[in-house]
């Protein structure tokens with residue numbers, strides 16, 4: 019049953035339909051309830067002025083989002099990779115300490131100048147050795163390490179940008195969920211108002227049926243309309259409950275927290291003027307974080323590929339080693355004492371396997387960069403469509419708001435005139451019902467237009483990247 023039918027039945031029930039013989043004069047206007055005033059009071063209750071706002075919902079959703087927490091973990095991984103790239107520049111330094119117990123060996127005597135010398139060389143069964151070494155690949159410092167370090171830093175920056183972008187998207191989802199929750203509460207309010215009017219009509223019709231002033235069929239028809247209105251309220255309450263639960267999950271509201279609407283959508287907001295699409299796109303291109311994430315990712319992949327190129331060429335390295343041993347193998351003849359020796363040098367190495375492996379890693383990095391470029395091209399296309407759609411949605415919502423204001427003003431004036439005419443017995447109850455129905459419908463349309471405008475402006479701001487500031 020429509021709201022218009024419900025209002026018509028209610029006023030017909032509360033106002034004498036036909037003047038019966040001996041009946042009293044029709045009731046004055048003061049005897050009929052002002053449902054519009056009651057509706058305004060219920061709206062004031064729905065928007066108390068303090069409570070949850072869309073921006074507060076966005077902030078709470080960002081703090082509670084597991085997706086944002088996952089982005090934080092990605093940043094930590096990127097930081098660890100950047101530190102690993104820095105540590106790779108440190109020369110390879112190592113130290114070994116060794117003790118060895120040797121078995122005794124029976125050595126044959128040595129014949130020297132016709133003289134037999136037994137045990138010419140002493141045996142040292144306990145050996146001690148401390149070796150320190152350092153190696154440095156000089157060529158990597160000029161070719162490989164700078165590229166890898168830059169790639170790691172770019173990866174860390176991309177991770178931070180991705181986290182911020184995730185926060186922005188989570189906040190936008192929370193704003194839209196908030197406004198849909200507000201809309202659902204408005205729908206429940208209207209449906210309950212409609213049900214209350216139908217129930218009042220049913221009570222009046224039952225009294226009239228008992229007095230045999232209307233037929234039983236008319237009463238059953240109204241009772242059927244009451245059941246329909248009840249079903250509508252139940253369905254809309256379920257929807258409102260679902261919207262609230264979705265919002266609660268997003269902002270991680272405690273179980274005992276009562277959500278109250280803190281943003282009065284009846285207040286006017288200034289909509290932006292129409293801007294050429296190319297200007298909108300340039301603004302979005304400079305502000306949106308998803309563009310920056312892709313650009314940074316592309317640059318990081320290219321740096322990684324350039325760093326891998328160094329492994330395809332010979333490497334120049336230097337090394338040094340110190341050996342403090344007892345006995346020292348470089349001392350002849352060996353003595354049972356510690357001696358220090360050292361060695362230093364340079365070498366050029368090239369390995370076919372490293373070249374082949376680096377080539378595959380390099381190809382993989384270039385392919386990843388091409389994939390990111392393709393993602394960026396898709397983002398450019400999608401952004402243009404998103405901007406045009408959001409701007410059109412704002413224009414449509416703004417136009418709907420302006421027309422709804424005009425319709426509301428006309429409906430209010432029509433209702434006022436009809437009430438005065440009815441009070442002067444120059445209008446029928448049906449005419450007042452029509453005026454009241456149109457006024458209620460105009461108010462609902464105006465409220466919906468205000469919700470639509472806020473959603474459209476939030477979407478346009480998100481498409482432009484205004485919410486990244």
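In this note's numbering, the protein residues as written are 19 to 487.
For every residue, glycine included, the Cβ atom is placed at its ideal position computed from N, Cα and C.
Given the structure is predicted, the values throughout are model-derived calculations rather than measurements.
Listed in chain order, the non-local C-beta contacts of residue 453 below 6 Å within the same chain comprise 432, 433, 436, local neighbours out to five positions each way being set aside. In this structure, residue 485 sits near residue 190, with a CB-CB distance shorter than 8 Å. Counting only runs of 4 or more residues that sit fully inside the segment 144–182, the alpha helix (DSSP H) segments are 156–160, in chain order. For residue 92, the CB contacts under 6 Å within the same chain, skipping 5 residues up- and downstream, are 177 in chain order.
In the DSSP assignment, residue 80 falls within the alpha helix (DSSP H) that extends over 72–82.
Judged by their CB atoms, residue 111 and residue 181 are not nearer to each other than the 8 Å cut-off. Around the beta carbon of residue 306, 16 or more other beta carbons lie within 10 angstroms, which makes this residue buried.
Here residue 483 is buried. Its C-beta has 16 or more other C-beta atoms within 10 Å. Nearest neighbour of residue 268 by Cα position, chosen from 199, 479, 164, 207, turns out to be 199.
By the Cβ criterion, the segment 323–336 is in contact with the segment 360–373, since at least three pairs of Cβ atoms, one from each stretch, lie closer than 8 Å.
Comparing C-alpha distances from residue 421 to each of 467, 67, 479 shows the shortest one belongs to 467. Spatial neighbours of residue 408 in its own chain (CB-CB distance under 7 Å, excluding positions within 5 residues in sequence) are listed in chain order as 474, 477, 478, 481. Annotation: residue 239 to residue 470 spans about 36 Å, alpha carbon to alpha carbon. Distance from the CA of residue 375 to the CA of residue 327, rounded to the nearest whole angstrom, comes to 10 Å.
Contact between residue 203 and residue 64 holds: their C-beta atoms lie close to 6 Å from each other, under 8 Å. Taking a C-beta distance under 8 Å as the contact criterion, residue 245 and residue 212 do not qualify as a contact pair. Of the candidates 215, 360, 185, 360 places its Cα closest to the Cα of residue 338. About 25 Å separates the Cβ atoms of residue 179 and residue 379, ruling out a contact at the 8 Å cut-off. Residue range 307–327 is occupied by the alpha helix (DSSP H) that includes residue 311, with no beta strand (DSSP E) assigned at that position. Take residue 315, set aside five residues on each side of it, and the residues of its chain with a beta-carbon closer than 6 Å to its own are 176, 390, in chain order. A direct Cα-Cα distance of roughly 20 Å separates residue 169 from residue 156. The C-alpha of residue 119 lies about 35 Å from the C-alpha of residue 108. Assigned with DSSP and collapsed to three states, residue 215 falls in helix.
Minimum Cα-Cα distance from residue 285 among the listed residues 55, 57, 62 corresponds to 62.
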